[in-house]
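Undergrad: So for the sequence shown, the numbering used here puts the first residue at 11; every next one is plus one. Using N, Cα and C, we set each Cβ at its ideal position, and we do this for glycine too. On a predicted model such as this, the values are computed, not experimentally measured, just so you know.
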Amino acid sequence: MNIPKEIKNKPIEYIVLFLIFIIGFFLYIFINNSQSRMLVISGVTFFYFGWSLYHHKKRGDLHTSIIIEYLFFILFGLVFLLLDPFAIF
């Protein structure tokens, strides 16, 4: 799979994904309340999971292994960030 070709073929999907990550990043930086930060992290995470399911279903290659892979990485990231909310700073 050639990533630039994939982005070129479906720019709206990737623009939406990029905007959600950017908005989530800035919300995380500017919010000082740890509970609100956890909500931002969780919201972006669940959006990403939903986006990935939509994206792979649209491509026609949504399989159980892909769902498990996304769940594994999402849960790993959530645990990492929620255990240490200032990990990236």
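(1) By alpha-carbon positions, which one of 44, 82, 71 and 42 ends up nearest to residue 58?
(2) Starting from residue 39, follow the alpha helix (DSSP H) in both directions and report where the run begins and ends.
(3) Quick one: what's got a C-beta closer than 8 Å to residue 79's C-beta in the same chain, skipping five residues either side?
(4) What did DSSP end up calling residue 53 once you bin it into helix, strand or coil?
(5) Considering only the alpha carbon of each residue, which of 26, 16, 19 and 21 lies closest to residue 60?
(6) Could you give the DSSP three-state label for residue 73: helix, strand or coil?
TA: Well, looking at it:
(1) Translated into positions along the sequence shown, residue 58 becomes position 48. Ranking the options by Cα distance to residue 58, first place goes to 82.
(2) Here residue 39 refers to the residue found at position 29 of the sequence shown. Segment 21 to 40, the alpha helix (DSSP H) holding residue 39.
(3) Here residue 79 refers to the residue found at position 69 when the sequence shown is read from its first residue. Hits under 8 Å: none found.
(4) Position 43 of the sequence shown, counted from the first residue, corresponds to residue 53. Helix.
(5) Here residue 60 is taken as the residue at index 50 of the sequence shown, counted from 1. The shortest C-alpha separation from residue 60 is found at 26.
(6) The residue given as residue 73 occupies position 63 in the sequence shown. Note: residue 73 maps to coil in three-state DSSP.
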